[in-house]
Amino acid sequence: MVDTYRLRSPLAHLHLDARAHEEADISGTGVVMKEIPYRGLINIRGDAADSAFVDAVQKAVKLSPPVDANTVAGKANTTRIMWLGPDEWLVITSPQGADRAMKALWKNLKTDGLHAAVTDSTQARTCIEISGPRAREVLQKGCSLDLHPSVFGPGQSAQTIVSKVAVMMTQTAAARNGDPTYELYPLRSFATYLWTWLEDASQEYGLKVG
Amino acid sequence: MTKYSIFSLLRNAMGYHRDWQQAWRSPDPKPEYDVVIVGGGGHGLATAYYLAKEHGITNVAVLEKGWLGGGNTGRNTTIIRSNYLWDESAHLYEKSLQLYEGLSQDINYNIMLSQRGVLNLAHSLGDVRDTKRRVYANKLNGIDGEYLSPAEIKKLVPIINLDPTIRYPVLGSSFQPRGGTARHDAVAWGLARASDARGVDIIQNCEVTGFDIDKGKITGVQTSRGQIKAKKVGVVVAGHCTVMSDMAGFRMPIESHPLQAMVSDPVKPIIDVVVMSGAVHCYVSQSDKGELVLGAGIDAHNSYSQRGSLHIIEDQIAAVCELFPLFSRMRLMRQWGGIVDTCPDASPIISKTPVDGLYFNCGWGTGGFKATPGSGWVFAHTIARDEPHKLNAAFSLDRFVNGFLIDEHGAAGVAH
Amino acid sequence: MSQTHRLHDGGRIDRSQQIDFYFNGKLMSGYRGDTLASALLANGVMLVGRSFKYHRPRGIVTAGTEEPNALVQLERGASTISNMLATRVPLYDGLDASSVNCWPSPTYDVMAVNSLFHRILPAGFYYKTFMWPVSGWKVYEHFIRRAAGLGKSPEVPDVDTYDKMNAHADVVVVGAGPSGLAAARAAAATGARVMLVDEQTELGGQLLNERFEIDGKPAMDWVADVESELMANPDVTILKHTTAFGYYDHNFLGLIQNRSENVAFGQDDRTRQRVWRVRAKRVILATGAIERPLIYSDNDRPGCMLAGALRAYVNRYGVSPGKRHVIFTNNDDAYRSALDLKAAGCVVAAVVDVRKDPSGELVTQAIEAGIEVIDNSAITGVLGTKRVRGIEVMKLNDEADGVTGTSRTISCDTVGSSGGWNPVVHLHSHSAGKNTWRDEDGVFVPGDTLQAEACCGAANGSFSLAQALNEGDFAGIDAASHLGMTAKKRPAVPTANSDVDETPWRTIWYIPTTKPAGQRGKHYLDQQNDVTVADVQLAAREGYRSVEHAKRYTTLGMATDQGKTGNIPGHAILSAALGQTIPQTGTTTFRPPYSPVTMGALAGRAVGEFFDPIRRTPMHDWHEQAGCLWEDVGQWRRPWYYPADGESMQDAVSRECLAVRNAVGMLDATTLGKIDIQGPDAAEFLNRVYTNAWLKLAPGRCRYGLMLGEDGMVMDDGVTSCLGENHYLMTTTSGGAPRVMAWLEEWLQTEWPDLKVYLTSVTEQFATLQLAGPNARDLLSEFTTDIDLDNDAFPFMSWQDGTVGGIPARVYRISFTGELSYEINVPASCGLSLWTDVMNAGEKYGITPFGTETMHVLRAEKGFIIVGQETDGTITPIDLGMDWIVSSKKPDFIGKRSLSREDTARPDRKHLVGLRTADPEEVLPEGGQIVAETRPQPPMDMIGHVTSSYWSAALGHSIALALVKNGRGRKGDTVYVPTGDKTVACEIVEPVFYDPEGSRLNG
Amino acid sequence: MFLINCPFCGEREEKEFSYGHEAHIARPENPENLSDAEWADYLFMRKNTKGVHLERWVHTAGCRRWFNMARNTHTNEVLAVYLMGEQPPKEIRDMIDGKKKS
Ligand SMILES: Cc1cc2nc3c(=O)[nH]c(=O)nc-3n(C[C@H](O)[C@H](O)[C@H](O)COP(=O)(O)OP(=O)(O)OC[C@H]3O[C@@H](n4cnc5c(N)ncnc54)[C@H](O)[C@@H]3O)c2cc1C
Ligand SMILES: NC(=O)c1ccc[n+]([C@@H]2O[C@H](COP(=O)([O-])OP(=O)(O)OC[C@H]3O[C@@H](n4cnc5c(N)ncnc54)[C@H](O)[C@@H]3O)[C@@H](O)[C@H]2O)c1
Ligand SMILES: Cc1cc2nc3c(=O)[nH]c(=O)nc-3n(C[C@H](O)[C@H](O)[C@H](O)COP(=O)(O)O)c2cc1C
Ligand SMILES: [Zn+2]
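Residue numbers (the working numbering), protein chains in the order written: chain A, 975 to 1184; chain B, 766 to 1181; chain C, 11 to 1013; chain D, 25 to 126.
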């Protein structure tokens, strides 16, 4: 691990921490947003029909790559695997777990006879979490997927476009009051645009930084 | 043909305009013609006109499956300019612009040519370099053109957004003062009337459904109104050209795409030149009736539906609002689509074909209105002499085989 | 009270809320619930503006979206909107409207002189004249254009904001009249996700204007009940004041919602309007019908309205449009207007009916109510210019193509005409739905469509309320059942009491006078564009026989109302003139938008800072603080150069260049595309996509590669490194990165699926710091202990892993500047930190940050190409003199075959060369064209152009690269670049100006 | 704007995809053995059918996978979606053949 003082998240220049501090009381707001940087993001490729591949992934991160399209295996805030395509997944870990997961995946997947790829994307993206009673409306302003809870519920995921930014997106378990929480993973160079856009689109509902 | 003039107008006014002749006849097809032109768009009509006028070939029919001028001729944004990069294109389009400059008088029909000037904006350093390159080339080809700084642009278009901090600021522009617009329908109607006056039969609602080919030579066409014999056939059907080449049994490097255009509600004059931007994808001019005439790029997919997608328009209008923030409150009144025939090198094909006596003129894509008279002029020559004029020799079908492409993508931005 | 025409009671307006507004600067008042039109009428204002061509005085004709006449300029300054329909602007406090197309006022309009010349201004007159003298046209055009337009464009940028919403629904119902409401209710009862949309501010559609009953209660009570029932259902979305403007392929609808009560301004932080992009599983079109006018002489005089509009004003707004009304009709429905006017206490002077002995129940009621019914008759003339003063009525002959007897004058100030109704088939037609002609009443009704769509109610040509309710109910159930949904408990079908026996319509498209059309008054079809019956007949006579020709020749239906009232009568007139049936003639094409749509709303939020993302590197803020100027590269923003105080661009770039040549410079190279390539066939894959050989690249080594399109033209270039067995990292140009990634995937997936290769973009994983210059090694050595920087251990074109400044890093020794150079890749989040540290530590080595411009100069000094600058899609590697990179041994690679075509194999193609100007101080313009011989005047034969040109501070003279025909054969020749004001002579030289041996980058 | 059924991700709007033009154009095995005309045929000549058109799309903003689609270019109706390497379903082939006969 690098000394944390050296790390600067893609949205650091927006001073979100300071704002979160100021806006600490988030009750009654329509939308709450925050950046969750440095999560481990590891792109893996392989053949889900090949049990050697599945076993290797299972061995490395204790989860099998989901074969159902647009789903995530694993629970929010633990290690998860997001389906990205028929032969592509994103392993999401805690910031602390990133290095270990990368090493384990590399070790298990990069063995003789197995055609698989492991690529660290931890630095390539950040995570913007958006929640609150109006979060869905904000997203629907820029996203053409049907985010109705009956279609895009907890555990669902997608790669899609929000405003003009390609994102990997998932809905984590809905809050107790039924309000959804979404995680968006844009490429870091687009994060500022996406955040600013979401903030602008949230204005009418009241936005707080969480 | 009664001559059109203020005097004939006054004279007819006395009789409540009851005595005007038909602009063109609607004859039944004859069994045989020297030349059959398939496609009653501007290019087909111009071809017929110049066959009659320049080559004395008047036993000519123009066959149009719908109403004449109802193809791309009737749905384009009417931008005319000749400031193309490569010599071959520049010469061809310049010939056309010169013909346009005398066309109203030549055909005695006011096509309302409006040489208000055309700007092609540059938004990046690369754009600037390419734009200057084109302007230098134009100058040496004897075509009017200048490179303008933002301050000079401001003088021509005071309402344009020249704020250097916008996402894609305007860094400069080419300007062709002789460029402009013309009334698209008038071009078709005027050419129809003038061709008709020289004996050409214009036959609408007559769809060509097949070719009669005997030992590699054309002998006639099959149509929805029966067989028509012809010594030579010129095909000028824009988006439908591969439908025709399929019938004739050879392949073309063409795809047909939707291209959309739209008009705003009519307002008092607010913009006096044509503004085009390839980089942010929009172009704007104001018609003589006051509507803003707007367009952008093609839909990516092939389609013959004559409709395009809304998202293309959304992006285009965003670009319009970026460049002209005060148009944001104006409203779109109508949108429509055409079927454009795009060629891999963004240049047309005006060519003989593998079939003797069968000639094709197509591939004008998003930018052939400006070429209408020039295209007809060289195509008439090609048909009459069975060999291309030197202005269109380079635009042969062979170029895809030998590689002599005329690639206008790089430097021409949008090709309108 | 100024509201002279306001009825004492009635209407859906809120009389407790008075609203003040201005019309042409005059203060007036109305009530909440009024439209601008109803408020104007309440104030006795009928004359609203002037028409386009003849500047004829024009009034209010309708009460809805079909309005052809009552256009106003709403508000002023930054919030002005042109050509708004007074009939569709809800009244709000302080509303400020003025007439369009007239000066000084609608009452006295200078341009009305045009009207005197109307005889010489028939359809298409401009095509016939203004041609002589040739030079005259410019002058004529100037005046024609000055007269253009109705309203005015704003002159300052918009103050409002707009946005968009994407939505999905099982069933979208457009139109919330009785039919749409019944449909929405029935569909919603099945559990379907329903969206109900109506352009009006209240639900109810036509019911808002009527005195009907449904289910035994006033119809509007039923509407209120349905509304609250639907509102209670979380799966139903109701959008009022929202127009479905377009219906596109695959059941995609565009809606525009007015989000503020005040249509001219946004309110409460909200966007003024919102575009909804709706994907529907099923669509129900319940868009109603539009009343069609009877086309009689001088039917454009202010006071000539539609019959249905009269009762809308009376019933909905509590306004009497005039003092004395005449109804002119071919059907029974218009008698409702007479009855409603009468019931509200207004004066109905007569009903003029074109039918002989009309006998329906409503007719009887009218007669019983004491209204004079004049049958078998026609209005042959209108008295008054700025307001109707009376009408002339004559008997129709049997064929209804002429009038007989003597004329009778009836004094009145308002005429409501009705020629029947046309279903609103617009949306149905947008996505290529067909229409079929129904002969019995002469209407086009919706026919086949490709979309998952159904029409119901008046939109379907079913004009009675009972039918509307029935069909709506059925459409709702049917739509849901297509989706496999049924209601557990089916709500009862609403019933209406309004249906009465009616006499059939008598369809007469043209109301004759004693003279042919155009000779006694004018019969207007398109009031906004001043298109008359005579114009259409003239078009037919002149051979503009297609309905599309007639439209374009006369401009019928081309105004802001798109012919909602005038088109069908116009097409009928054309048919008659051509002696053919209306279906033979057909209609013109219905196109979106249904009614005009604000451009800002279509742009939505994607303007200003949101027009397009700016991609930022991790070091973005540093560059900004250092005061760099930016260059856009694709969506990236890269430092262009960093001017010091007061420094010119040239000074700054020269300073940066010299720093790299003499000390050390640092460039942010993060934006270069990076693709991670893994798999047993990775080398084979590279071998196919690059022109050179790749099978033998050892781990730790890097190699430059050129990629061609299949046409043999250079497409991209970059350095690829072997990271390990079956593992490579490819770099691409910054701007080309997405395209290259897509291109490689395409080949893998579509052409070579057998190759075992996986590609993953890792551009953003790393921050890339490029150190270049003789001091680069010394500086870097301060930051690393585990990387051996010795030239032998770490030679040019190799890479090493290690730590730099304590950060895990991969360092490549590659060079685009021609100097000793390292590209340090670290985790992106650490980029800024490392950059700052290196800048600080580099001070003693003379470190200077440099931008893309300096990079371009330095590489040009070395003769390195930039794809997109030295190439333009027409250039092969051989043209560039890069034969050395094109393998002759490999049997194949992408683009190889194209290199041997006749044109591409020519020896005298354009070649990349260097240019030295005769005057070393002269910097050639980039893009300058090159000639071998000059002539005093153009045209001149061009042999090539300058691709790159700079002042070289290191060399002390200008340098340029150029593509020149047979350039390699012209080495040493003098050529010329005419730059407009002068001609620059230059010599053709080798394209490498600096350190041709490469000792610096290898050292 | 089309609604396209990505065989992997499901229905998404056209904006998420890129168009890949005519399908089933195999790259010639040995380009060097082709005449210029044959090579030009592969490079440039396209079917551009009015009617049932077999074409390729890629789900750019989604799974990045390529696939084939049969679409009527006259009506824009999507008739079938099938994987790379597969031939169009039988009913599509019949439609195309039927069209040829007529
Ligand atoms: C929205 C849009 C904007 C444009 N903007 C510009 C611009 O600003 N400037 C510019 O220079 N160009 C522009 N263009 C391009 C320009 O319109 C065309 O290149 C040009 O009009 C082509 O003319 P044409 O006569 O070849 O084709 P068309 O006008 O399309 O004529 C072809 C005719 O052939 C007929 N036909 C087809 N098949 C048959 C058959 N089997 N039998 C008989 N007849 C048949 C068609 O019905 C049609 O009428 C634009 C095009 C569009 C669609
Ligand atoms: N007796 C007659 O001759 C006659 C003729 C026509 C209509 N009618 C009466 O009209 C009613 C018909 O009911 P209906 O429900 O079919 O139609 P409707 O006219 O009551 O409702 C249609 C609704 O659709 C809206 N609309 C139209 N286009 C729209 C668009 N693009 N976007 C959003 N909203 C749009 C209209 O504003 C209107 O509110 C009945 O009451 C019927 O009796 C009678
Ligand atoms: C330059 C130009 C200007 C136009 N101006 C108008 C206009 O003012 N009003 C209008 O309704 N349509 C206008 N149109 C669009 C036509 O009505 C029509 O949509 C177009 O010619 C395509 O034909 P179609 O919609 O019948 O398919 C214009 C078209 C062009 C090409
Ligand atoms: Zn997909």
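Just so it is clear, CB atoms sit at the ideal spot from N, CA and C, and this is done for glycine as well.
C:Arg-713 and B:Thr-843 have their alpha carbons spaced roughly 50 Å apart. In this structure, B:Val-952 has its beta carbon at no less than 8 Å from each heavy atom of ligand 3. Under the 9 Å criterion on CB atoms, A:Arg-1150 is classed as non-interfacial with respect to chain C. When only Cα atoms are considered, C:Ser-898 and C:Asp-889 end up about 16 Å apart.
Interface annotation for the region 1058 to 1074 of chain A against chain D: Leu-1058, Gly-1059, Pro-1060, Glu-1062, criterion Cβ-Cβ distance under 8 Å. Taking CB atoms only, D:Ala-47 has no neighbour in chain A less than 9 Å away. About 6 Å separates the beta carbons of C:Asp-571 and C:Glu-76, which is inside the 8 Å limit, making them a contact pair.
Closest by C-alpha distance to D:Ala-85, out of A:Ala-1075, A:Ser-1025, A:Ala-1072, A:Ser-1137, is A:Ser-1137. Close to ligand 4, as judged by a C-beta nearer than 5 Å to any of its heavy atoms, are the residues D:Cys-30, D:Phe-32, D:Cys-33, D:His-83, D:Gly-86, D:Cys-87, in chain order.
Residue side-chain check: C:Asn-341 places its Cβ nearer than 8 Å to a non-hydrogen atom of ligand 2.
Of the heavy atoms belonging to ligand 1, at least one sits nearer than 8 Å to the Cβ of B:Thr-838. For A:Asp-991, the secondary structure class from DSSP, reduced to helix, strand or coil, is helix. Within the same chain, Gly-1141, Trp-1142, Ala-1145 come within 6 Å of B:Tyr-815 by CB-CB distance, once the 5 residues on both sides are set aside. At a C-beta separation below 8 Å, B:Ala-1065 has these neighbours in chain D: Ser-42, Tyr-43.
Just so you know, the alpha carbons of D:Arg-36 and D:Arg-88 end up roughly 13 Å apart.
Separation of A:Ala-1026 and A:Ile-1016 (C-alpha to C-alpha, rounded to the nearest whole angstrom) is 19 Å.
At a Cβ-Cβ threshold of 9 Å, C:Thr-390 and C:Thr-524 count as neighbours.
In this structure, C:Gly-471 and C:Arg-448 form a Cβ contact; the two beta carbons are roughly 6 Å apart against a cut-off of 8 Å.
Taking C-beta atoms as the reference points, C:Pro-649 and A:Arg-982 fail to come closer than 9 Å. In this structure, C:Leu-707 and C:Cys-732 form a Cβ contact; the two beta carbons are roughly 5 Å apart against a cut-off of 8 Å.
Sequence-distant Cβ neighbours of B:Gly-1073 in its own chain, meaning closer than 6 Å and more than five residues away, are Pro-1023, Gln-1025, Asp-1064, Gly-1102.
When DSSP states are grouped into helix, strand and coil, C:Gln-547 belongs to the helix group. Taken atom to atom, the span from the alpha-carbon of C:Ser-771 to that of A:Glu-1062 is near 13 Å. The region 836 to 853 of chain C and the region 1093 to 1101 of chain A touch, with three or more beta-carbon pairs separated by less than 8 Å.
Annotation: Cβ neighbours of D:Glu-37 in chain A (cutoff 8 Å, chain order): Ser-1118. Using a Cβ-Cβ distance cut-off of 8 Å, the region 1138 to 1154 of chain A and the region 1043 to 1063 of chain A are in contact, since at least three pairs of beta carbons, one from each stretch, lie closer than that value.
The closest CA to that of B:Ile-1078, considering only B:Ile-968, B:Asn-1126, B:Gly-1055, B:Val-1028, is found on B:Val-1028. The DSSP-derived three-state label of C:Ser-491 is helix. Not one heavy atom of ligand 1 falls within 8 Å of the beta-carbon of A:Met-1007.
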